[in-house]
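The structure appears right after this line, and notes come after that.
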Amino acid sequence: MTANDHGGPARAPAAGLCLATSPDSWGIWFSEDDQQMPYSRFLDEVAAAGYEWVELGPYGYLPTDPEALRGELARRGLRASGGLASAALHRPDDWDQMLGVIRDVASLTAAMGAHHLVLIPPSFRDLKSGAYTESPELTGRQRAAMYSAANQLGRILLDDYGVRLCVHPHADSHIETQREIEDFLAGTDPGLVWLCLDTGHVAYGGGDNIDLIRRFGDRMGYVHLKQLNPEVLRQARERSLPFIEAVKRGVVVELPAGIPDAAAVIAELDLLGVPMFVIAEQDLYPCSPDIPLPIAVRTREYLNRCGMRAWPGKGVRA
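Residue numbers (the numbering used here): 71 to 388.
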């Protein structure tokens, strides 16, 4: 099955991969933003689109009281795949404040029965204006601090919450290019820190998703599956566009219309033979509230034909 094939025979089930979705695919990037839909509509539409697992998204968008959130998910037949946070691990002076926020996210994640916390490094450009907020390059000392902090945080999350730290490469961040990803993995403890492979952000940074899966399969803890429009990506590189501007121009596209080849990524992940969440994503911020639901349905149908399903119970890599 090719990446651009919406029809044809269904692929054999990807036995180790559990299909989920996230708020990102509904244009939700922030805990509060007047361009985002209410969380109740988001959860209603996730269930209506046929998903059973959902990432919790930016802390504070969904209810942070565990009983309230558990009820909101349960009444729609939904379960949580993991939590999401952002932290500047290269800034030792921020450690205490950062750890307090991460503990809140980890506590809620564990309370929902999930075992993964996706950590996104902060952008060196403002997420709304695109202006530079710090240097794109870290010093050797800053990178060493980042690796050490990741190990320390990974230990805390495992010991205190039973949650795995899955660090997410991201456009306009200090973990973006393939070299930066490889250096990060080499500099951190494989028993404490895993990779959230985001196929779109890896491609945005010029990386090779298939190569990363083949060489670092034992570090794959979680996956965000997304694709890019090659022409918009070319424009972003040539003009040094901030990621938010590239998103507004449509750099992230509906599966399976872009790069990398989604079916090939799924097949390669399946060869690892380990249970793993794969989160279908399309960055849509900001977008009309009527746009996400039809896309989410088509995306699920496509991934079902690729052999991906929601798991009926526990067993996903913990």
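Every residue gets a Cβ at the ideal spot worked out from N, C-alpha and C, and that includes glycine.
Element boundaries [beta strand (DSSP E), containing residue i]
i    : result
R234 : 234-237
M290 : 290-295
A332 : Element bounds for A332: not the beta strand (DSSP E) but the alpha helix (DSSP H), 332-342.
A90  : 87-91
E125 : 123-125
Residue i, buried or exposed, once every other Cβ within 10 Å from all chains shown has been counted against 16
i    : result
A256 : exposed
K198 : exposed
P260 : exposed
E115 : buried
A90  : buried
E246 : buried
A138 : exposed
T203 : exposed
A118 : exposed
Q106 : buried
I190 : buried
A214 : exposed
G224 : buried
R370 : buried
D281 : exposed
R285 : exposed
S101 : exposed
G153 : buried
E351 : buried
R289 : buried
L87  : buried
G130 : exposed
L341 : exposed
S310 : exposed
A366 : buried
Backbone CA spacing between residue i and residue j [nearest angstrom]
i    : j    : result
P206 : P312 : 12 Å
Y109 : D94  : 12 Å
L354 : D278 : 23 Å
K384 : D164 : Reliability of the predicted coordinates at K384 is poor, the pLDDT of 49 falling under 50, and the value obtained from them is presented with this limitation in mind. Roughly 35 Å separates the two Cα atoms.
A181 : P133 : 12 Å
L325 : L373 : 9 Å
N74  : A327 : Below a pLDDT of 50, predicted positions are generally treated as unreliable, and N74, at 38, falls in that range; the measurement from the model is reported next regardless. One C-alpha to the other measures close to 6 Å.
Q305 : P136 : 43 Å
L235 : I226 : 9 Å
S151 : F347 : 7 Å
H294 : D230 : 25 Å
G147 : Q212 : 44 Å
P364 : P330 : 22 Å
L265 : V233 : 14 Å
S358 : G210 : 43 Å
I251 : R140 : 35 Å
E142 : L113 : 8 Å
E308 : Y274 : 12 Å
G291 : T179 : 16 Å
H185 : G343 : 19 Å
A201 : V302 : 20 Å
R387 : T258 : Low confidence applies here, because R387 scores a pLDDT of 47, under 50, leaving its location unreliable; read the following figure in that light. For R387 and T258, the distance between alpha carbons rounds to 20 Å.
P162 : S156 : 15 Å
G228 : D174 : The sequence as given places Leu at residue 228; Gly does not occur at that position. Taking the straight line from one Cα to the other gives about 14 Å.
A220 : I172 : 12 Å
H240 : F254 : 13 Å
W381 : W96  : 22 Å
G120 : A334 : 23 Å
L159 : Y217 : 8 Å
I98  : E315 : 16 Å
Continuous alpha helix (DSSP H) stretch holding residue i: start and end
i    : result
F347 : Per DSSP, F347 belongs to no alpha helix (DSSP H); it is in the beta strand (DSSP E), 346-350.
A273 : 269-274
V116 : 109-118
N279 : 279-285
Which of helix, strand or coil DSSP assigns to residue i
i    : result
I314 : helix
R304 : helix
Y372 : helix
G211 : The residue asked about is misnamed: residue 211 is Arg in this sequence, not Gly. Reduced to three states, the DSSP call for R211 is helix.
R309 : helix
W96  : helix
V321 : coil
L363 : helix
W264 : strand
L298 : strand
Y202 : strand
In chain order, which alpha helix (DSSP H) runs of at least 4 residues are fully inside the segment 134-196?
136-144, 165-181
Residue ranges of each beta strand (DSSP E) within the segment 217-258, 3 or longer:
234-237
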